[in-house]
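In my numbering, the protein residues as written are 20 to 355. Cβ atoms here follow ideal geometry from the backbone N, Cα and C, with glycine treated the same way.
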Ligand SMILES: [Zn+2]
């Protein structure tokens, strides 16, 4: 199928119900909230918003993001205020109907915030018609003497939907992790892990074998090992992918070379999200648009990606089917 003219693609994406299943709430901070606080310091948007920007390293990315995020996120009330803006925009401007967002356990540790307070503050920010699920992201070194007590408790917090592994993939993970992930699942939580972004297939192997997750955040480097990729497919592993993030962090050199094309062609369940729009300056529409423009994703294929977000969503089947049916109708309206 040929490319849609830009206005028609925009109309399609406006009408398409979508999900964000890989969104860090700290990395989604609306920039104007920083400007409202200190207009002189934050007068200009970050340099990393430029479309051709490349971060020098993950450490640089992480430091810049934390510098911005910790200016704002100092209380559950601040989480609520930011999340209200984030979710309303996703709902009204990007036609997003389901969100899985994570907050960093480090914010509980370093700022002494109340973890359950953060979760409730985020959830109460969801507009009518949008389902929001909250995950706690724990760094590779996030479980230690000081945090052990409340992190062990957290997998029983009634409003926490799951846990995720965050941070430098090349840092070692302690023996606490597989046990905690198992305990979370035993309590009915969903478990995820960031893997295959900077480390290779061997770390994806750790995530699916040791942590036993079926939802990989990024995972794109798994394509380096075709035999393993086939195994992941057999096991029904899903990838929550953030294409613009991957290009700006130089996980892949260009959008044209992004492995999401190979993963989709191999039959994987891939979803599309923005990761950290505070740092990348990206909107969800732009992710879909880039796949159309650079990787020749058709209207039908973009519809499948949107459907995958609802297929993995933690929602009742009846609601899931309603979203899938609506996507079918929108795709039928716009397909060649
Ligand atoms: Zn992420």
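Residue 236 has its CB nearer than 7 Å to a heavy atom of ligand 1. Note on the stretch 147-175: whole beta strand (DSSP E) runs with a minimum of 3 residues are 150-158, in chain order. Straight across, the Cα-Cα distance linking residue 128 with residue 216 is about 25 Å. Residue 71 carries a coil assignment under DSSP once its states are collapsed to helix, strand and coil. Beta bridge pairing from DSSP links residue 236 with 213 and 259.
For residue 38, the uninterrupted beta strand (DSSP E) run begins and ends at 37-43, by DSSP. With contacts defined by Cβ atoms closer than 8 Å, residue 210 and residue 179 do not form a contacting pair.
Assignment of beta-bridge partners to residue 185 by DSSP yields 158. For residue 289, the closest of 316, 132 and 134 by C-alpha to C-alpha distance is 316.
Taking C-beta atoms as the reference points, residue 219 and residue 64 fail to come closer than 8 Å.
For the set 31, 75 and 38, the Cα lying nearest the Cα of residue 330 is the one of 38.
Taking a cut-off of 8 Å for Cβ pairs, the stretch 291-299 and the stretch 38-58 touch, as three or more such pairs fall below it. Judged by the Cβ position, residue 294 qualifies as a neighbour of ligand 1 at the 7 Å threshold, a heavy atom of the ligand being closer than this.
By alpha-carbon distance to residue 345, the top candidate from 45, 24, 31 and 25 is 31.
DSSP, read as helix, strand or coil, puts residue 120 in strand.
About 19 Å separates the beta carbons of residue 232 and residue 278, which is beyond the 8 Å limit, so they are not a contact pair.
Relative to ligand 1, residue 213 has its C-beta within less than 7 Å of a heavy atom.
Counting along the chain, the unbroken alpha helix (DSSP H) around residue 89 starts and ends at 77-91.
For residue 242, no beta strand (DSSP E) segment is defined, and its DSSP state is neither H nor E.
With a threshold of 16 other beta carbon atoms within 10 Å, residue 93 falls short and is exposed. If you draw a straight line from the Cα of residue 153 to the Cα of residue 135, it is about 10 Å long. A distance below 8 Å separates the beta carbons of residue 95 and residue 137. In the three-state reduction of the DSSP assignment, residue 115 falls in the strand class. The beta carbon of residue 334 sits closer than 7 Å to those of 117 and 150, all from its chain and outside the five residues before and after it, given in chain order. Distances from the CA of residue 322 to each of 36, 112 and 82 were compared; the closest alpha carbon is that of 36. Cβ atoms of residue 141 and residue 182 stay farther apart than 8 Å, at about 15 Å. Taken through DSSP and simplified to helix, strand or coil, residue 271 comes out as coil.
Residue 213 is positioned such that its CB atom lies no closer than 8 Å to that of residue 252.
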